[in-house]
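Asker: This structure is in structure tokens; I'll ask about it shortly.
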Amino acid sequence: MVVLASYITLGLLSVSVLLCIIRLLKGPSMADRVVALDTIGLNLIGFIGVIMIVQQTILYSEALLIIAILAFISTVSFAKFLEGGVVIDR
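Here it is as structure tokens:
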């Protein structure tokens, strides 16, 4: 039962990533593209988490944490760039 629910979840996450990629390419503003990119990162984290549940392993936990950190840093840097045009102030 858990495996079936996991496969359904993987399918829904795949559809969500596809819709986010469409928004990333088509988005009318840069803010929409940033939100789509962040959502892709979150969906990827969920995808890896479900794969960890299906395989009953914690082997991918480091990759999960690295993707989460990179998604957070990229969202913050894009937001700062959109606000002022510069990522690192001197």
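Just remember that this note's numbering sits 1033 ahead of the position in the sequence shown, which is counted from 1. Where a beta carbon is used, it is the ideal one built from N, C-alpha and C, also for glycine. The structure displayed is predicted, hence computed values, not measured ones.
1) Determine the burial state of V1050: buried for a count of at least 16 other Cβ atoms within 10 Å of its Cβ, exposed for fewer.
2) Comparing alpha-carbon positions, which option in R1056, V1068, I1078, L1057 lies nearest L1098?
3) How is Y1093 classed by DSSP in three states: helix, strand or coil?
4) Mind pulling the alpha helix (DSSP H) runs of 4 or more residues that sit fully within the segment 1052 to 1113?
5) Exposed or buried, L1046, counting other C-beta atoms within 10 Å across all chains shown (16 or more means buried)?
6) Identify whether I1041 lies in helix, strand or coil by the three-state DSSP scheme.
Answerer: Let me spell this out:
1) buried
2) I1078
3) coil
4) 1063 to 1088
5) buried
6) Residue state, collapsed to three classes: helix.
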